[in-house]
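Going down the list, the sequences are from chains A and B. Using this note's numbering, the first residue of the first sequence is number 1, and each one after it goes up by one. Using this note's numbering, the first residue of the second sequence is number 1001, and each one after it goes up by one. Here the structure is laid out as C-alpha cells; the discussion comes afterwards.
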Amino acid sequence: MSEYAQPEEYGLADLLCCAASREVADNEIVFAGTGLPMVAIMLAQKTHAPNLKLIFEAGTLDGRPPELPTSVGDARCEMGASRSSGLNDAFSIAQRGLVDLGFLGGAEVDLYGNVNTTCIGDYLNPELRLTGSGGNPDINSFARRTVFIMVHEKRRFVENVSYITSPGWRVKKWPGGEFVHRRELYGAAYRGGPSAVISTVGVFRFDQENGRMYLDTCHPGKSPAEISDLCQFDLDISRVSGETAVPTREELRIIHEVLDPDEIFIPKVKKN
Amino acid sequence: MSNSKRITLQQAAEVIKNGSSLTFSGFTIWRRPFALIYELIRQHRRGLHLIEVNGGPQSEFLIGAGCVDIWESCWVGHELYGKYGANLSRKVGNKEIIVEDYSHAEMMFRFAAAAQGAAYAVTQTSLGTDIHNPEYDMLGKAGLRDGKRIAKHKYIFTEDPFYDAGAQVLIPAVKVDVAVLCVQQVGEEGTVRVNGQYYSDPEAARTAGITIVIAEEIVPEEYLRRNADQNTIPSFEVDYILECPFGAHPTGMFGRYDVDGAFLKDFYGRTRTQEGFDDFAREWIHGQDHTSYLEKLGWPRMLKMKANSAMNFSPREKKGGK
C-alpha cells in the first residue's frame, strides 16, 4: 500500500471514488452503473480486487474494459469480456442471486435506505420528473449488498422519500402501504440490502435489524454533529468508527493517469 | 426476388399509424433508429404508445415533437450528455402525456414473456416500492385498461404456490404493434446480425406484430448464412428492411461509430422549453431528408466518430463531449 495523499493532492470526487472502491472485495460479482461507480469498480479491479467479475446491465458479462466506458451500453464495455449478450441475461443473473454487490445513485434517500430517482414532490403532481427507476430497484432487490453514492444536501436526506423507487430496509407492503422489514416481503429472494451510503460528507451504514441508517465515518474536516445537521431525520451518531480513509497516491495515479485521464467523471485537483 | 422486404424510409414511417404501440432496438444512447424517428416527426405522427425496455434520446425527440400520448418504460435521459429527459418532464408537468412506470427488469421480463407467447411474467423484483403503489396505476386511472391492447391490471400479487418462495408479482406481457431496429447488418431475406451487446433486440423483434430493420448495410443473405451461429434474429421475424448508413446518429453503433455526445448535449440544453424544441426541430429535422442531414453534419464530424475496426469504438472521439 502506497502512502496516503495530503489534503491538497486530492478532491472530493477522488475521496468518494476511493471509498467506493474499498467496498469491493476480491472475487465478487459486481453490477456496474455509469459514472463514478464505474471508475471506483475499475479502480478496485486494478488494486485490491483483481479477480472481481464485472457485469454491465446492458449485457456484458465479466467485462475487462481497457478504457473507461461512458455508459453501460458503450462498445468499450465488452473488450476482453467473457460474454457479450443482452439485458435478459443481466437481469436473470441478478434474479438468480449471483450478484454480490451493486453501485447505485439517487436524488433522495431516507432513514431506511429507500431511494428516489423518479420525481421531486408528489408523483401525481411532480415538481420535477426525473429519469425514472432504470435498474436501480432491480439491483437493489437482488444483490447481496448495494452501495449508494450521493451528493449530500439536507433536502436529499429525508425522513421518508416522496417516492420509493428502490427498496431499502423498511419498505411498503401493498395494497395497504404499511412499512415492513424487507425480509418479510422478499421471502426466498431476500439476500440483504443497502450496505452503505457514501455521501459528500461521510459514509453511512444500516442496522440490519431496525433498518435505520447510522453514521460510520466522517470525511476529513467534518464532524458528526455537522453531518447530523445535514439530515432531516434523527441520525444515529453513536457508532462512528472514525474518519473516512483518504486516497493513496497510487490510487490517485490510477484514477487520473489510467482510468479517467480525460476527466469525464473525476476532475483533477487544480494546482495553485 | 419478387417478394422483396425492401422499403424506403418514408414507407417505413407509414407502416406506423397514429395510435400504434411502438418499441425500438438499442439501449439508452446506443443503436436507436434515428433516421426513422426523424421521419415520423416529419410525417406528424400522433397518439403513439411507446413501450420501451428503457428510453433515451429517441423517446425525447418523439415526445418533444408531440407524437406520443403514452410512455411506458423505466428510464429516460442522455447518460452523461443530459441527466434527465427534459421534454418528458415538461409534458408530465403539463399533464400532456401518460407515464406508466415499471422497473427495468420488469420491462425486460414483460418483453421476454411476450416473446415466448406467455400472458405474463413472474418476478420478485421491486417489491415494496412505489412502482407497485395502486394509486400510481396511470393507465388504469385513465380508464385505458381494456384487456386487449393494454392489460387489465398493471400487476397482480401472488404467493409462490410451488416452493413457498414468498411474494411474487405477475406483470403483463407487452403488446407491441411495431418494432423498429437499427443494426449493423441485415440480409436480403431479413436475417439480422447484431455486433456487440444485443440489449433487448431479439425479444423486441419476436414480440412485435411488425418488425422493421434499418441496417448500416444490406448484405447477401448467403454471407450471413455461412456463419448462422453469429446471427441474432431469424429471417422470418423481420417484415421490412432498409439500408441507411449512420441511421442511428446521434446515438452510437458498436463497431461503426460512437455516440455524438456534443449533439446530444446541444439537444438537451436547447429543448427544455417547447419553443426550444421547435427551434431545434426546424434546424435538424423539418425540411431535411437523411442525406441532407448527413451533409449538414459533415464529413469531419462523422470521421471523428468513426469506430476503429479492431477496437469497435472511436479512439478520436473525446467522450466527455466538452
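Backbone N, C-alpha and C define an ideal beta-carbon position, used for all residues, glycine too. Quick caveat: nothing in here was measured; it's all calculated off a predicted structure.
Could you pull the start and end residues of the beta strand (DSSP E) that residue 1316 of chain B belongs to?
Per DSSP, residue 1316 of chain B belongs to no beta strand (DSSP E) and is neither H nor E.
Apart from the five residues just before and just after residue 1120 of chain B, which ones in its own chain have a Cβ nearer than 7 Å to its Cβ?
1113, 1170, 1171, 1172 and 1173
Return the first residue and the last residue of the beta strand (DSSP E) that residue 150 of chain A is part of.
145–150
Three-pair Cβ contact test at 8 Å for the segment 111–130 of chain A versus the segment 1102–1110 of chain B
Between the segment 111–130 of chain A and the segment 1102–1110 of chain B, the count of C-beta pairs closer than 8 Å stays below three; the two stretches do not touch.
DSSP beta-bridge partners of residue 1128 of chain B:
Its beta-bridge partners do not exist; DSSP assigns none.
Excluding five sequence neighbours on each side, which residues of the same chain lie with their C-beta closer than 7 Å to the C-beta of residue 228 of chain A?
235 and 237
Same chain, Cβ closer than 8 Å to residue 1296 of chain B, neighbours up to 5 away in sequence not counted:
1284 and 1288
When the cut-off is 7 Å and only beta carbons count, does residue 51 of chain A lie next to chain B?
no
Is the beta carbon of residue 39 of chain A closer than 7 Å to that of residue 254 of chain A?
Not closer than 7 Å, so no.
I'd like to know whether the C-beta of residue 1044 of chain B is nearer than 7 Å to at least one C-beta of chain A.
no
What does the Cβ neighbour count give for residue 1082 of chain B, buried or exposed, with the cut at 16 atoms within 10 Å?
Burial call: buried.
Spatial neighbours of residue 1142 of chain B within its chain, please: C-beta separation below 8 Å, excluding the five flanking residues on both sides.
1098
Report the residues of the segment 163–184 of chain A with a CB closer than 8 Å to any CB of chain B, ordered along the chain.
163, 164, 165, 166, 167, 171, 172, 173, 174, 175, 177, 180 and 182
Do residue 1205 of chain B and residue 1233 of chain B come within 7 Å of each other at the CB atom, strictly closer than that value?
yes
Quick check for students: name the residue ranges of the alpha helix (DSSP H) that lie wholly in the segment 1034–1089 of chain B, counting only runs of 4 or more.
1034–1042 and 1057–1064
In chain order, what residues of the same chain have a beta carbon less than 8 Å from the beta carbon of residue 1178 of chain B, not counting five sequence neighbours either side?
1015, 1016, 1020, 1021, 1022, 1023, 1208, 1209, 1210, 1211 and 1212
Using three-state DSSP, classify residue 1244 of chain B as helix, strand or coil.
coil
Going along the chain, which residues of its own chain have a beta-carbon closer than 7 Å to the beta-carbon of residue 203 of chain A, five neighbours each way excluded?
Answer for residue 203 of chain A: 19, 196, 216, 217 and 244, listed in chain order.
Between B:1055, B:1254 and B:1116, which lies nearest to residue 78 of chain A when the distance is taken from Cα to Cα?
B:1254
Under 7 Å between C-beta atoms of residue 1237 of chain B and residue 1215 of chain B
no
Return the chain-ordered list of same chain residues with a C-beta closer than 6 Å to the C-beta of residue 146 of chain A, the five sequence neighbours on each side being excluded.
Result list for residue 146 of chain A: 102, 104, 140 and 194, in chain order.
Applying the 10 Å Cβ sphere with the 16-neighbour rule, what's the burial state of residue 1155 of chain B?
That one is buried.
Quick one: list the residues of chain E neighbouring residue 33 of chain A, beta-carbon separation under 9 Å, in chain order.
Reference to chain E is not applicable here, since the protein chains of this structure are A and B.
Check residue 120 of chain A in the structure and name its three-state DSSP category.
strand
Between the segment 1150–1165 of chain B and the segment 1180–1193 of chain B, are three or more C-beta pairs nearer than 8 Å?
Short answer: they don't touch.
When you compare the CB of residue 20 of chain A with every CB in chain B, is at least one pair closer than 7 Å?
Under the Cβ criterion of 7 Å, residue 20 of chain A is not counted among the residues facing chain B.
Residue 1267 of chain B to residue 264 of chain A span [Cα, whole Å]:
19 Å
Is residue 1202 of chain B near the ligand NAD, going by C-beta to nearest heavy atom under 6 Å?
Absence of the ligand NAD from the depicted structure is noted, as is the absence of any ligand whatsoever, leaving it without description.
Quick one: give me the first and last residue of the alpha helix (DSSP H) that residue 1146 of chain B is part of.
Segment: none, residue 1146 of chain B is in no alpha helix (DSSP H) and carries neither H nor E.
Near-chain A residues of the segment 1067–1085 of chain B (beta-carbon distance less than 8 Å), N- to C-terminal order:
1073, 1074, 1075, 1076, 1077, 1079, 1080, 1083, 1084 and 1085
If you measure beta-carbon to beta-carbon, which residues of the segment 76–102 of chain A are closer than 8 Å to chain B?
Answer in chain order: 76, 77, 78, 79, 84, 85, 86, 87, 88, 91, 94 and 95.
Ranges of the alpha helix (DSSP H) found wholly within the segment 75–111 of chain A, counting only runs of at least 4:
87–96
Three Cβ pairs or more, each shorter than 8 Å: is that satisfied between the segment 48–62 of chain A and the segment 26–35 of chain A?
Pairwise C-beta distances place the segment 48–62 of chain A in contact with the segment 26–35 of chain A, as three or more of them are shorter than 8 Å.
In whole angstroms, what is the alpha-carbon distance linking residue 1110 of chain B and residue 179 of chain A?
27 Å
Using CA atoms only, rank isn't needed, just tell me which of B:1117, B:1037, B:1070 and B:1060 is closest to residue 1140 of chain B.
Nearest C-alpha to residue 1140 of chain B: B:1070.
Is the Cβ of residue 62 of chain A closer than 7 Å to any Cβ of chain B?
No, its Cβ sits nowhere closer than 7 Å to a Cβ of chain B.
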